[in-house]
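Data first, discussion second: the structure below is written as structure tokens.
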Amino acid sequence: MELTSVLTPADNCPVREVGDGYVILAGDGETTHSLDGLGAFIWKRLDGQQDLASVLAEVVAEYDVPADTATRDLLEFATALAEAGLVTLA
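Note that the numbering used here has the sequence shown beginning at 8, numbered continuously upward.
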């Protein structure tokens with residue numbers, strides 16, 4: 008995963024907005040994933056249009072965190088979403 012990566016939600020993973028977050032049903036139809044706070048903030052921006060560098064800029068501005076920390080965390084989070092089959096490269 009790189010900052011130039013553009014991600015989009017996987018077509019086979021239904022998403023429900025619940026309060027300030029999301030519940031995502033994985034493609035296996037059995038596993039659910041909950042996102043709130045920062046995870047939900049990032050998920051909203053994985054629209055198949057923005058690269059992760061753009062998402063990173065928004066995270067740094069919104070949460071006032073150091074860019075190096077945010078970069079590491081964002082790339083780890085994006086990788087975890089991809090490994091779980093919740094997102095694909097656009």
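Every residue, glycine too, gets a C-beta built ideally from N, C-alpha and C.
Would you mind sorting Val-66 into buried or exposed? The rule is 16 or more other CB atoms within 10 Å of its CB. Counting from one through the sequence shown, the residue named residue 66 turns up at place 59. Buried, because 16 or more other Cβ atoms sit within 10 Å of the Cβ of Val-66.
CA-to-CA distance, Asp-80 to Ala-64, given in whole angstroms: What you label residue 64 is simply residue 57 of the sequence shown in a count that begins at 1. What you label residue 80 is simply residue 73 of the sequence shown in a count that begins at 1. Rounded to the nearest angstrom, the two C-alpha atoms are 13 Å apart.
If I follow the unbroken alpha helix (DSSP H) through Ser-126, where does it start and stop? Since the first and last residues shown for the chain are 8 and 97, residue 126 lies out of range.
Do Ala-33 and Leu-93 have their beta-carbon atoms positioned less than 8 Å apart in this structure? As a working note, residue 93 is residue 86 in the sequence shown. As a working note, residue 33 is residue 26 in the sequence shown. Between Leu-93 and Ala-33, the C-beta spacing is below 8 Å.
Would you check whether the ligand NAD has a heavy atom nearer than 7 Å to the C-beta of Leu-59? The ligand NAD is not among the ligands present in this structure, which contains no ligands whatsoever.
On a Cα-Cα basis, can you pick out the residue from Gly-55, Leu-14, Arg-23 and Asp-35 that is closest to Asp-43? The residue given as residue 43 occupies position 36 in the sequence shown. Among Gly-55, Leu-14, Arg-23 and Asp-35, the Cα nearest to that of Asp-43 belongs to Arg-23.
Boundaries (first-last residue) of the beta strand (DSSP E) holding Leu-32: Residue 32 sits at position 25 when you count from the first residue of the sequence shown. 28-32 is the extent of the beta strand (DSSP E) around Leu-32.
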